[in-house]
Ligand SMILES: [Zn+2]
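Laid out in structure tokens, this is it:
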């Protein structure tokens, strides 16, 4: 399996979920070994690498920062690139928050499928989990175990009639990602909107880019895209944060009621030691369907 990039540039415009600011973003092909690199075109092309060392703030969205320059809400974009096996890309952005689009990864997948993916002349290295690693924090847990493939199992529980307990395990292949995970949208609770907006969050949130839950139902007039869309979006988010590991992984992730803060801490701590994994170049460990 070789490293991959997109065949030609794709462009997106829209507002940021939290800032409500308009932004235009272009994803461009990048050479092998480059990784995912953001460029703030409004700041002399200042570059920010999508790696766990750049993570700054993770309360409601994942923000990357370096030398005072930040890029916010990167998780859905990184999820789509990682889920689709894009190792290398430049992401040009003319503002500080990635457009939320429809609140899922669907637009990215549609655009990438349209232009196509190209294999590059470098073998992809794969981090193989050799020993289980787990983190626990206030009843939230996340772990990764040795496995022959790359999969995520997620379990959530919300005392809400549309959610309740949801649990799903998905093997992350490009096909599964596109069909089972990418369409799942962001969700939030209407009763929290005012409080979040007062803290500078969800100012761009609307029924166009999120499922907004009321006490007993939801404000959106369209139906859910999956009965368990909520847990699927949690898998989308986790994959976006896990993408900050910067390489393909062979292992089975199991998460229970986690969130961005625990996801990113998990990646940082997993990378910090070498007791739980080895890296092998050129092994066809990520299956392509
Ligand atoms: Zn999300």
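Residue numbers (the numbering used here): 58 to 346.
Idealized CB from N, CA, C, for every residue including glycine.
Any non-hydrogen atom of ligand 1 within 7 Å of residue i CB
| i | result |
| --- | --- |
| residue 293 | yes |
| residue 76 | no |
| residue 202 | no |
| residue 180 | no |
| residue 133 | yes |
| residue 217 | no |
| residue 320 | no |
| residue 333 | no |
| residue 62 | no |
| residue 243 | yes |
Residue i: first and last residue of the uninterrupted beta strand (DSSP E) it sits in
| i | result |
| --- | --- |
| residue 347 | This structure gives no information on residue 347, because the portion of the chain shown stretches from 58 to 346. |
| residue 273 | It is not in any beta strand (DSSP E) - residue 273 carries neither H nor E in the DSSP assignment. |
| residue 306 | 305-313 |
| residue 122 | 120-123 |
| residue 126 | 126-128 |
CB of residue i within 8 Å of CB of residue j, strictly
| i | j | result |
| --- | --- | --- |
| residue 147 | residue 129 | no |
| residue 182 | residue 325 | no |
| residue 106 | residue 92 | yes |
| residue 61 | residue 169 | no |
| residue 113 | residue 100 | no |
| residue 142 | residue 231 | yes |
| residue 117 | residue 295 | no |
| residue 310 | residue 328 | no |
| residue 162 | residue 239 | yes |
| residue 202 | residue 308 | yes |
| residue 132 | residue 297 | yes |
| residue 347 | residue 199 | The structure shown does not extend to residue 347, since the chain spans only 58 to 346, so no value can be given for it. |
| residue 64 | residue 172 | yes |
| residue 59 | residue 235 | no |
| residue 140 | residue 229 | yes |
| residue 273 | residue 216 | no |
| residue 282 | residue 242 | yes |
Element boundaries [alpha helix (DSSP H), containing residue i]
| i | result |
| --- | --- |
| residue 322 | 317-329 |
| residue 297 | 286-299 |
| residue 250 | 247-255 |
| residue 208 | Segment 207-215 is the beta strand (DSSP E) holding residue 208; no alpha helix (DSSP H) there. |
| residue 135 | 132-140 |
| residue 163 | 163-172 |
Which residues DSSP lists as bridging residue i, in chain order
| i | result |
| --- | --- |
| residue 96 | 104 and 149 |
| residue 335 | 185 |
| residue 83 | 68 and 149 |
| residue 191 | 200 |
| residue 61 | 176 |
| residue 283 | Residue 283 is not bridged to any residue. |
| residue 156 | 73 |
| residue 114 | 120 |
Residue i beta carbon near ligand 3 (any heavy atom closer than 7 Å)
| i | result |
| --- | --- |
| residue 216 | Ligand 3 is absent from the structure shown, which contains only ligand 1. |
Minimum Cβ-Cβ distance from residue i to chain C less than 8 Å
| i | result |
| --- | --- |
| residue 329 | Judged by its chain identifiers, the structure shown contains no chain C, having just a single protein chain. |
Problem set entry | Touch test, the region 306-316 against the region 205-217, Cβ-Cβ under 8 Å, three pairs minimum | yes
Exercise. Any contact of the region 249-268 with the region 72-82, i.e. 3+ C-beta pairs under 8 Å?
Worked result: Three or more Cβ pairs closer than 8 Å define a contact, and the region 249-268 meets that threshold against the region 72-82.
Exercise. Any contact of the region 155-162 with the region 189-207, i.e. 3+ C-beta pairs under 8 Å?
Worked result: The answer is no - the region 189-207 does not touch the region 155-162, with fewer than three Cβ pairs under 8 Å.
For this session: Report yes or no: do the region 285-304 and the region 76-89 share at least 3 C-beta pairs separated by less than 8 Å?
Result: No, the region 285-304 does not touch the region 76-89.
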